[in-house]
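Below: one structure, written as structure tokens.
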Amino acid sequence: VWGKFWRGFLSVSLLLALAGCDEGSPSQTGSGAGGGGKAPDPQTAGQASATNTGQALAAAAVANIGTLNSDIGPQIDYANRGSVWSVDQIVKASTGVDFNTLSTAEMYNELRNGMGIAVDPYNPPPGAIIISPTEGDSTGHVGIVGNDGLVYSNDPVSGTWEPTNTLAGWHDSFDGTSGTYAFLLNASSLASSYTSGAAVAPDSSVSGGPVGGIAALGDPAIVTSSTAKINTDGDPAEQGYDATWQAQTSGGYNSALTSFVVVTKAEMLNYGASMGDWALVTNNATGQQTWARVGDVGPADGSGEISEAAASTVGIQFTKSSATVGNPSVTVRIYPGTKNIRSM
Amino acid sequence: MKRIALALLIVTILSQYCQAAKLADSPDGKWSIQTATQGSVAIFSSAGDPVIAIDRGTTGSERLRAKWSGDSKSVILLDQAPLGSGISGAWFDGARWHATVESDSDLNQAKALAKSQVVSGEVKAEDRELGDWLSRDTIQIRGSLRYLGGEKFSYSYDLQIVPGSYALNRGGFETGGLNASNFQAR
């Protein structure tokens, strides 16, 4: 009897514990009742990689709102055929994969023939490419599913990239005669798309700047010029000297080793900036520059905050307490949505 | 008894890793704030569908707090990282939800107040907490600034949701809709 009780108790306990699992790690409470989520399904390595790529695409879908426009001229019929072009631009910038087509039917064929992993079109994960191929008189469309469950695509009239549909709205509008399908990009197809054979995993290094140079980053969405401040987080040698020192940055960097800049929560939300995005730091007095990554979240007053490595590279001196020597100022340019662009 | 203790230990350990997805239900039960996928927090309908994202940047966050207004038409979310915080808000206009993010420039008023009390310098970290709803549309926020020299300044202010339709920014949030006032030292 004791053995049965023990086994039953343990089983129920484990089920109860797992029923509350979710992906979120921060402490989460609020004024209201708590609830549970689903335990994650087991994933293969390929599915996990595809999911990671999906996350990057979901972030890129948001980062491009209002900035990407497919009305670039007659080659895509002044945006009438811009949905494939728009998705291709985002996929290329985020993963290096080029569908090299302006046709929803051809893109669909590429996805189902190895470039994609089919997922449920009625419950696609973030970053899934949702596509309704053109067939006959039924005009197709393609978009990317965001973290918020909305579908992002180009407005065929204005060409602007924006949240255009709920999932239900998409199915109502585009299922047509050919139906709607959803895919995550296949990680193995990504790997083969790099002629260098380089891994697809995000590259957090800075070294020589982004592959493709500054042109690959587009315009910086965040530009600040202010007094330089030094973030020493992640540098064990600073423990005990900097009153607000943290063992880790949000981006996982060591301040002494990696050039990074600090963003605020509001900048992350309003501009779509995220850890690992590219940044450019300029010493306003000397013009010295260094490439950097977005590496930590700081106070709302945090503009101009850079790592020890970034400060040293642009010739800014600082004390052990993280105070700068003199009154140096820097211009920080941040390029949201670029974290997956590798360094040279 | 050893087996029960072991089971309780396992449950306790798992609970540390498995946080509830739901942060807060609205008083009328029609809505809830839930963590969605990969660093996103959204308002969900009672049917379980996400209706609008109110946070997409929880990477590095250590604390999420949400508070609903009494009429269930407004909600404020605090996202606290080790060195800085962000506040977003949402309101329901009867037809749809709107979401916005509090401007970083609001902190300048807290810094000015600190300076008037001879606390100044480089702000190295700041944290905030959600206080009580003071009225249907205004909630009290309490915060503290930590300076390079080790000083700390504690303050509070009122944050009012001003319903309307504002321009969408690059991140997909409306720009406007939150008004900070009545900054006080505490």
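From first to last, the protein sequence lines stand for chains A and B.
Mind the numbering: the first sequence is residues 1 to 344 in my numbering, read in order.
Mind the numbering: the second sequence is residues 345 to 530 in my numbering, read in order.
Glycine included, C-beta positions come from ideal geometry on N, C-alpha and C.
Bear in mind that the values here come from a model prediction, so they are computed numbers and not experimental data.
1) Do A/Gly218 and A/Val62 come within 7 Å of each other at the CB atom, strictly closer than that value?
2) Do B/Phe388 and B/Ala443 have their beta-carbon atoms positioned less than 7 Å apart in this structure?
3) Check the Cβ-Cβ distances between A/Ile306 and every residue of chain B, and say whether any is below 7 Å.
4) According to the neighbour-count rule (16 or more other Cβ atoms, all chains shown, within 10 Å of its Cβ), is A/Arg342 buried or exposed?
5) Quick check on DSSP: helix, strand or coil for A/Ala191?
6) For A/Leu15, which residues of its own chain have a beta-carbon under 7 Å away from its beta-carbon, when the five flanking residues on both sides are left out?
7) Tell me the residue span of the beta strand (DSSP E) that contains B/Asn523.
8) So is B/Phe517 in contact with chain A if we call contact Cβ pairs under 7 Å?
9) Among the candidates A/Ser138, A/Ser250 and A/Ala93, whose CA atom is the shortest distance from the CA of A/Thr104?
10) Assign A/Pro236 to buried or exposed, taking buried as 16 or more other Cβ atoms, counted over all protein chains shown, within 10 Å of its Cβ.
11) Once the 5 residues before and after B/Leu408 are set aside, which same chain residues still bring their CB inside 8 Å of it?
12) Residues of chain A with a CB under 7 Å from the CB of B/Thr403: which are they?
13) When the cut-off is 7 Å and only beta carbons count, does A/Leu269 lie next to chain B?
14) Would you kindly check if the distance between the Cβ of B/Gln461 and the Cβ of B/Ala288 is under 7 Å?
15) In the DSSP output, what is A/Thr374 paired with across the bridge?
16) Does B/Val445 have its Cβ less than 7 Å from a Cβ in chain A?
17) By Cβ distance, which residues of its chain are closer than 6 Å to A/Ser322, with the 5 residues on each side in sequence left out?
18) Is there a Cβ of chain A sitting closer than 7 Å to that of B/Gln360, yes or no?
19) Considering only residues of the same chain and omitting the five flanking positions on each side of B/Val445, which have a CB-CB separation below 6 Å?
20) Buried or exposed: which applies to A/Tyr122, given that a residue is buried once 16 or more other Cβ atoms fall within 10 Å of its Cβ?
21) Does the region 297 to 311 of chain A come within contact of the region 248 to 255 of chain A, defined as at least 3 CB pairs closer than 8 Å?
22) Could you tell me the distance, in whole angstroms, from the CA atom of B/Gly515 to the CA atom of A/Gly82?
23) Using 8 Å as the threshold, is the region 487 to 502 of chain B in touch with the region 410 to 417 of chain B, meaning 3 or more CB pairs across them?
24) Just the C-alpha distance for B/Leu522 and B/Thr482, rounded to the nearest angstrom, thanks.
25) Between B/Val463 and chain A, is any beta-carbon pair separated by less than 7 Å?
26) Just the C-alpha distance for B/Ala456 and A/Ser259, rounded to the nearest angstrom, thanks.
27) Would you verify that the beta carbon of B/Arg440 is, or is not, closer than 7 Å to some beta carbon of chain A?
28) In angstroms with no decimal places, state the Cα-to-Cα distance between A/Asn109 and A/Thr338.
29) Which class does B/Leu452 belong to by DSSP, given the choice of helix, strand or coil?
30) Which residue marks the beginning of the alpha helix (DSSP H) containing A/Ser172, and which one marks its end?
31) Leaving out five residues on either side along the sequence, give the residues of the same chain with a beta carbon under 7 Å from the beta carbon of A/Tyr245.
32) Entirely within the region 95 to 123 of chain A and at least 3 residues each: give me those beta strand (DSSP E) ranges in chain order.
33) For the ligand ZN, is there a heavy atom less than 6 Å away from the beta-carbon of A/Ser322?
34) Taking 7 Å as the threshold (beta carbon to beta carbon), is A/Thr338 in contact with chain B?
35) Per DSSP, which residues does B/Trp486 bridge with? Please list them.
36) Using the C-alpha atoms, what's the distance from B/Trp477 back to B/Trp435?
On the basis of the supplied data:
1) no
2) Using a Cβ distance threshold of 7 Å, B/Ala443 and B/Phe388 do not count as a contacting pair.
3) no
4) buried
5) Any reading at A/Ala191 must be qualified, since the residue scores a pLDDT of 39, below 50, and its modelled position is unreliable; no value is offered.
6) Any answer about A/Leu15 is weak, because its pLDDT of 42 lies below 50 and its placement is not dependable; what the coordinates show is given next. Cβ within range, chain order: n/a, list empty.
7) Leu522 to Ala529
8) yes
9) A/Ser138
10) exposed
11) Leu367, Thr379, Val385, Asp399, Thr402, Leu421, Leu422, Asp423 and Gln424
12) Ser250, Ser274 and Met275
13) yes
14) Since the first residue of chain B shown is 345 and the last is 530, residue 288 of chain B is not available in this structure.
15) Here chain A has residues from 1 to 344 only, and residue 374 of chain A is not among them.
16) At least one CB atom of chain A sits nearer than 7 Å to the CB of B/Val445.
17) Contacts found: Ile230, Thr232 and Asp242.
18) Annotation note: pLDDT 36 at B/Gln360 (below 50); position unreliable, coordinate value reported separately. No, because no Cβ of chain A sits closer than 7 Å to the Cβ of B/Gln360.
19) Ser432 and Phe517
20) exposed
21) Yes, the region 297 to 311 of chain A touches the region 248 to 255 of chain A.
22) Rounded to the nearest angstrom, the two C-alpha atoms are 22 Å apart.
23) no
24) 9 Å
25) No, its Cβ sits nowhere closer than 7 Å to a Cβ of chain A.
26) B/Ala456 and A/Ser259: Cα-Cα distance of roughly 31 Å.
27) The C-beta of B/Arg440 comes no closer than 7 Å to any C-beta of chain A.
28) 28 Å
29) According to the sequence shown, residue 452 of chain B is Asn rather than Leu. In the structure shown, B/Asn452 sits in a helix (DSSP, three-state: H, G or I).
30) Before going on, a small fix: residue 172 of chain A reads as Asp here, not Ser. Looking at the DSSP string, the run of the alpha helix (DSSP H) that includes A/Asp172 is Leu167 to Phe174.
31) Reading off the sequence shown, one finds Trp at residue 245 of chain A, where the question assumed Tyr. Once the five neighbours on either side are set aside, the close Cβ partners of A/Trp245 are Thr232, Asp233, Glu238 and Gln239.
32) 116 to 119
33) This structure does not include the ligand ZN; it has no bound ligands of any sort.
34) no
35) Note on residue identity: the sequence assigns Arg, not Trp, to residue 486 of chain B. Beta-bridge pairing links B/Arg486 to B/Glu473 and B/Ser500.
36) So the two alpha carbons sit approximately 14 Å from each other.
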